[in-house]
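A.B. asks: Structure provided below as structure tokens; questions to follow.
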Amino acid sequence: MRKHSLDGEVEAGTNRPLRGATGPRSGLRALSLAVLHLVFTTPPAMAQAPSGTFILECGEENVLMGIHGRVGLWIDQLEGWCIQIDGAGRWLGTPFTTMRAGGSGGIGPYDLRCPSGEALYKLEGTSGRYVNSIKLFCIKLASDGHVTGGAIERGAVRGGMAALDRWTQTCSGDQPAMAVSGFDGDYVDAFFTTVCAYPVILKRLWVSQTQVSGLGRLGRLHQSRRLLEEVLAEGGAIGADDLILRGEIGVVAALQGDLRTVEDMDRRLRELDRPFLNGLNTEYRARMAALLGRKEDAFRLLQQATTEGYGFGLERHQAFEYLSLRGYPPFDEFMRPKG
Numbered sequence: 028m029r030k031h032s033l034d035g036e037v038e039a040g041t042n043r044p045l046r047g048a049t050g051p052r053s054g055l056r057a058l059s060l061a062v063l064h065l066v067f068t069t070p071p072a073m074a075q076a077p078s079g080t081f082i083l084e085c086g087e088e089n090v091l092m093g094i095h096g097r098v099g100l101w102i103d104q105l106e107g108w109c110i111q112i113d114g115a116g117r118w119l120g121t122p123f124t125t126m127r128a129g130g131s132g133g134i135g136p137y138d139l140r141c142p143s144g145e146a147l148y149k150l151e152g153t154s155g156r157y158v159n160s161i162k163l164f165c166i167k168l169a170s171d172g173h174v175t176g177g178a179i180e181r182g183a184v185r186g187g188m189a190a191l192d193r194w195t196q197t198c199s200g201d202q203p204a205m206a207v208s209g210f211d212g213d214y215v216d217a218f219f220t221t222v223c224a225y226p227v228i229l230k231r232l233w234v235s236q237t238q239v240s241g242l243g244r245l246g247r248l249h250q251s252r253r254l255l256e257e258v259l260a261e262g263g264a265i266g267a268d269d270l271i272l273r274g275e276i277g278v279v280a281a282l283q284g285d286l287r288t289v290e291d292m293d294r295r296l297r298e299l300d301r302p303f304l305n306g307l308n309t310e311y312r313a314r315m316a317a318l319l320g321r322k323e324d325a326f327r328l329l330q331q332a333t334t335e336g337y338g339f340g341l342e343r344h345q346a347f348e349y350l351s352l353r354g355y356p357p358f359d360e361f362m363r364p365k366g
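Under our numbering, the first residue of the sequence shown carries the number 28, and numbering increases by one thereafter.
If you want it as structure tokens, here you go:
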């Protein structure tokens, strides 16, 4: 275990918050998930592997309205502040905290919150070996959990170490943040997801790629697929923003050997034609092909997804869908770190 012997500072007179991930050109993949909006971010280069992952989630009908924890040279500890809201966007009751991320070190506390009637919308900051600084941006809540107006910086926290790698985690459109997740150990190492949604009308908080893949590895395929299909049905009015759901359904169908569904999802993903796909639809097609043992098709689609903008990162290297391609020389060479 890494122990903390830290000295640092919190910016006085401000309220600022959270995390670590690189920007759009270095791995950020802004994606929509039906009613949900997830932003997956490739974590920055880290000096050592993180000890684990965290999910700071508020549950349905609640939103994130701040963060707090401890800071020293780096951001040592992080918890989310949550609040329930009513149909008019008003806060109800008393704020409550999420689970804790990070360790127990740090020389001082920080506590960053949105004012009443607002919710967390964006986090940005800097990172080096670990997360070094966080800025908290809030936005005004409107009816049914929508938001209105622009995001306003409400505070920041900064550790004592210099860090130049800038990162941003943000919602988009008129949805507030309900959860954030990332990597942690003795410190907050990096963030990879912000979950944004309309909390009052949402029946399920979120379905993540990690969660569904884990269910698949455990053999709980029926449960995984049913969950995905229910969220897809609940968010059907969103229309085009179903890329991740259809991709994950295709992956689970491939694990089940359901070729008809795989072919249907492959066709839908192939026919998608809208801005900012960044190769994600093609990446899902590659993973489905790999699970079916179609190595040549999977490798071709993998290359195509990269050309279209899907980046290399920890998630891709660890993707269980590509296990069948290991030992396939073109794949091994393609995935081998260069430089």
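Heads up, the beta-carbon is just placed ideally off N, CA and C, and yes, glycines get one too.
Indicate, with yes or no, if the ligand FAD has a heavy atom lying under 7 Å from the CB of G284.
C.D. replies: Looking at this structure, you won't find the ligand FAD or any other ligand, since it has none at all.
A.B. asks: When DSSP labels each residue in this structure, what does F339 get in the three-state scheme?
C.D. replies: The answer is coil: DSSP assigns F339 none of H, G, I, E or B.
A.B. asks: Report the rounded CA-to-CA distance for A280 versus E310, giving the unit in angstroms.
C.D. replies: Roughly 16 Å separates the two Cα atoms.
A.B. asks: Does the Cβ of E323 have 16 or more other Cβ atoms within 10 Å, making it buried, or fewer, making it exposed?
C.D. replies: E323 comes out exposed.
A.B. asks: For E256, count neighbouring C-beta atoms within 10 Å of its own C-beta (all shown protein chains included) and say buried if the count is 16 or more, exposed if not.
C.D. replies: Flag for E256 reads exposed.
A.B. asks: Which residue spans inside the region 133-205 form an unbroken beta strand (DSSP E) run of at least 3?
C.D. replies: Here the runs fully enclosed are 135-140, 145-154, 158-168, 174-185, 192-197.
A.B. asks: Comparing C-alpha positions only, which one of G96, G320, R353, N305 sits nearest to G338?
C.D. replies: Checked all of G96, G320, R353, N305; the closest Cα to G338 is N305.
A.B. asks: I'd like the list of long-range same chain contacts for M73, defined as Cβ closer than 7 Å, with 5 residues on each side in sequence excluded.
C.D. replies: Only weak support exists for where M73 lies, its pLDDT of 36 falling under 50; the value from the coordinates is given anyway. The answer, listed in chain order, is R156, D216, A217.
A.B. asks: Between the beta-carbon of G212 and the beta-carbon of L100, is there less than 8 Å?
C.D. replies: No.
A.B. asks: Alpha carbon to alpha carbon, how far is G354 from E106?
C.D. replies: Straight-line Cα distance between these residues: approximately 42 Å.
A.B. asks: Is it buried or exposed, G277, if we count other Cβ atoms within 10 angstroms and call 16 or more buried?
C.D. replies: By the neighbour-count rule (16 or more Cβ atoms within 10 Å), G277 is buried.
A.B. asks: Cβ atoms of N89 and M205: under 8 Å apart, would you say?
C.D. replies: Result yes, Cβ atoms of M205 and N89 sit closer than 8 Å.
A.B. asks: Compute the Euclidean distance between the alpha carbons of D138 and T288, then round it to the nearest angstrom.
C.D. replies: Spanning the two alpha carbons is a distance of roughly 48 Å.
A.B. asks: Name the DSSP beta bridge partners of A128, please?
C.D. replies: DSSP output for A128 lists L105 as bridge partner(s).
A.B. asks: Tell me whether R327 sits in a helix, a strand or coil according to DSSP, three-state version.
C.D. replies: The answer is helix: DSSP assigns R327 an H, G or I state.
A.B. asks: Rounded C-beta distance between W388 and M126? I'm assuming under 8 Å.
C.D. replies: Since the first residue shown for the chain is 28 and the last is 366, residue 388 is missing from the structure and cannot be characterised.
A.B. asks: Using DSSP bridges, identify the partner residues of T80.
C.D. replies: BP columns for T80 point to F210.
A.B. asks: Using only CA atoms, which one of L352, F347, A313, G116 lies nearest to E335?
C.D. replies: For the residues L352, F347, A313, G116, the minimum Cα distance to E335 belongs to A313.
A.B. asks: Give me, in chain order, the residues of the same chain whose beta-carbon lies closer than 7 Å to that of C141; leave out the 5 immediate sequence neighbours on both sides.
C.D. replies: Only M92, G93, L147, C165, R181 meet the Cβ criterion.
A.B. asks: For I112 versus G172, is the C-beta spacing smaller than 8 Å?
C.D. replies: Going by C-beta atoms, I112 is nearer than 8 Å to G172.
A.B. asks: Looking at the secondary structure, which residues open and close the beta strand (DSSP E) in which L91 lies?
C.D. replies: Note, L91: beta strand (DSSP E), 89-98.
A.B. asks: Pull up the CB-CB distance for G129 and Q104, whole angstroms please, since I reckon it's below 8 Å.
C.D. replies: Right, the Cβ-Cβ distance comes to about 4 Å (below 8 Å), so this counts as a contact.
A.B. asks: Rounding to the nearest angstrom, what Cα-Cα distance links S351 and L296 in this structure?
C.D. replies: Answer to the nearest angstrom: the Cα atoms are 22 Å apart.
A.B. asks: What three-state label does DSSP hand D216 in the structure shown?
C.D. replies: D216: strand per DSSP, three-state reduction.
A.B. asks: Please report how far the alpha carbon of P357 lies from the alpha carbon of F326, in whole angstroms.
C.D. replies: Their Cα atoms are separated by approximately 8 Å.
A.B. asks: Tell me the rounded alpha-carbon separation between L259 and I271.
C.D. replies: When rounded, the distance between both Cα atoms is 10 Å.
A.B. asks: Between Y214 and L163, what straight-line distance do the alpha-carbon atoms span, to the nearest angstrom?
C.D. replies: So the two alpha carbons sit approximately 19 Å from each other.
A.B. asks: Just verifying my parser: in three-state terms, what is the DSSP assignment at L259?
C.D. replies: Note: L259 maps to helix in three-state DSSP.
A.B. asks: So, for L328: in the same chain, excluding its five sequence neighbours on each side, which residues have a beta-carbon less than 7 Å away from its beta-carbon?
C.D. replies: Hits under 7 Å: T309, R312, A313, A316.
A.B. asks: Can you name, in chain order, every residue of its own chain whose Cβ lies under 8 Å from the Cβ of T80, other than the five neighbours on each side?
C.D. replies: Once the five neighbours on either side are set aside, the close Cβ partners of T80 are S208, G209, F210, D211, T237.
A.B. asks: Mark D359 as exposed unless 16 or more other C-beta atoms lie within 10 angstroms of its C-beta, in which case mark it buried.
C.D. replies: When all chains shown are included, D359 counts as exposed.
A.B. asks: Go through its chain and collect everything with a Cβ distance to S170's Cβ below 8 Å, but skip five positions before and after it.
C.D. replies: These residues qualify, in order along the chain: G114, A115, G116.
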